[in-house]
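Enquirer: Can you read through this structure? Questions will come right after.
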């Protein structure tokens, strides 16, 4: 086997990271990517006609996220209530749980706003 130096690995990783950054900024800038995407849409029926299974997977993922945010909110509420009633003196834990719940809720709202914005963009598209 050929020995790979750390420098070669580093250069290879930097090249891959650069390619990923280009793809992320403009996914269809590369002509081969455009043709691969067109082939995927033409030859792959799941791309053209999404199945109910993929919709179910999305709904399960969304429900999982909602449940997680709800658990964070309930946990924070329980900790804060315990501190307020004098059952616990873990004020730091209650504050951290509250901040965690707030952060997860804010992230959820950003995702919701992005989904609503994208939906409105789709509705405005001419047929």
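In the UniProt record's numbering, the protein residues as written are 1 to 127.
Cβ coordinates follow ideal geometry from the N, Cα and C atoms, glycine included.
Here the structure is a predicted model, which means the values were calculated and not measured.
(1) In three-state DSSP terms, what is residue 88?
(2) Go ahead and pull the three-state DSSP assignment for residue 109.
(3) Report yes if the CB atom of residue 111 is closer than 8 Å to the CB atom of residue 94, and no otherwise.
(4) When the distance is taken between beta carbons, is residue 105 closer than 8 Å to residue 69?
(5) Within 10 angstroms of the Cβ of residue 79, are there 16 or more other Cβ atoms? Answer buried if so, exposed if not.
(6) Have a look at residue 119 and residue 125 and give me their C-alpha separation to the nearest angstrom.
(7) Could you give the C-beta distance for residue 107 and residue 76, rounded to a whole number, given that I count them as a contact under 8 Å?
(8) Taking only the alpha-carbon atoms, compute the straight-line gap between residue 88 and residue 100 and give it to the nearest angstrom.
(9) Nearest by alpha-carbon distance to residue 115: which of 92, 62, 9, 67 is it?
Expert: According to the structure data:
(1) Coil.
(2) DSSP places residue 109 in helix when its eight states are reduced to three.
(3) It is not a contact, given that the beta carbons lie outside the stated cut-off.
(4) Closer than 8 Å, so yes.
(5) Residue 79 is buried by the Cβ-count criterion.
(6) When rounded, the separation of the alpha-carbon atoms in residue 119 and residue 125 is 10 Å.
(7) Between residue 76 and residue 107 the Cβ distance is about 15 Å, and since that is not below 8 Å, they are no contact.
(8) If I take the Cα positions, the gap works out to 19 Å.
(9) Selected option, being the one with the closest Cα: 62.
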